[in-house]
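In this text, residue positions in the sequence shown follow this note's numbering: the first is 4, and each later residue adds one.
All residues carry an ideal CB built from backbone N, CA and C; glycine is no exception.
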Amino acid sequence: MNINFAKSALIEVDVQNDFCPGGSLAVNEGDKVAAPLNDFARRFNAAGAPVIATQDWHPAGHCSFASSGRKAAEGEVLWPDHCVQGTAGSDFHPDLDIRPVTLIIRKGFRPSIDSYSAFFENDRKTITGLAGFLKDLGVDTVYMGGLATDYCVFFSAMDALKLGFAVYLLRDAVRGVGYPEGSVERALSSMKDAGVVML
Ligand code: VGL
Ligand code: ZN
4 MNINFAKSAL IEVDVQNDFC PGGSLAVNEG DKVAAPLNDF ARRFNAAGAP VIATQDWHPA
64 GHCSFASSGR KAAEGEVLWP DHCVQGTAGS DFHPDLDIRP VTLIIRKGFR PSIDSYSAFF
124 ENDRKTITGL AGFLKDLGVD TVYMGGLATD YCVFFSAMDA LKLGFAVYLL RDAVRGVGYP
184 EGSVERALSS MKDAGVVML
């Protein structure tokens, strides 16, 4: 694969303990994304290209937790408590090599807005600042992997396209939640239809 490192960035989405086996919102084989991502991250780093890791970073009692007692809106999923700021579950998985990471974007820290995407929170207006960072560096292409295919990876990839980036999804470096049934397949086909290139 020929990567133009001068204009590309790698985005590693939410490779955190709570999304891996043993975590509170465990994704099947979630830990398996670390090895292929490490490979890419080392290559990007050696070439001087940015490597971004995102971190789901919720305050206790966050509105996305079923334990908050809130009623889910139509089509909304509430989750078990996960990635609470500063807990072991919110740490990057120990298999993820964070040495090549040049920027960590934390999201979902506002008590009453959830944030799946690395670019916009779920109100679709509040920005994380990642687009500005990438554009400032002259990046026009993003390579992406991580967790979960059907939530944070999906929304990040779709937003990246809308923001004008070319998007490559590292297929062996993503795993999905699979709830509701079929959500991984739907996410993959929507991404493909929208123009995400599968690698
Ligand atoms: C995620 C559900 C809740 C994800 C984050 O990283 O895909 N999913 N919070
Ligand atoms: Zn979350």
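Residue environment for residue 110: buried (at least 16 other C-beta atoms within 10 angstroms of its C-beta). By the criterion of at least three beta-carbon pairs nearer than 8 angstroms, the segment 14-28 is in contact with the segment 40-56. Minimum Cα-Cα distance from residue 133 among the listed residues 4, 108, 118 corresponds to 108. Within the segment 126-171, complete beta strand (DSSP E) segments of at least 3 residues are found at 144-150, given in chain order. The alpha-carbon of residue 68 is positioned some 13 angstroms away from that of residue 118.
DSSP places residue 196 inside the alpha helix (DSSP H), whose first and last residues are 186-197. Near the ligand ZN, meaning a beta-carbon closer than 7 angstroms to one of its heavy atoms, we find 59, 61, 67, 82, 85, 86, 111, 117.
For residue 123, the secondary structure class from DSSP, reduced to helix, strand or coil, is strand. Taking the Cα positions, residue 25 is about 9 angstroms away from residue 92. Taking the Cα positions, residue 42 is about 14 angstroms away from residue 6.
The DSSP-derived three-state label of residue 98 is coil.
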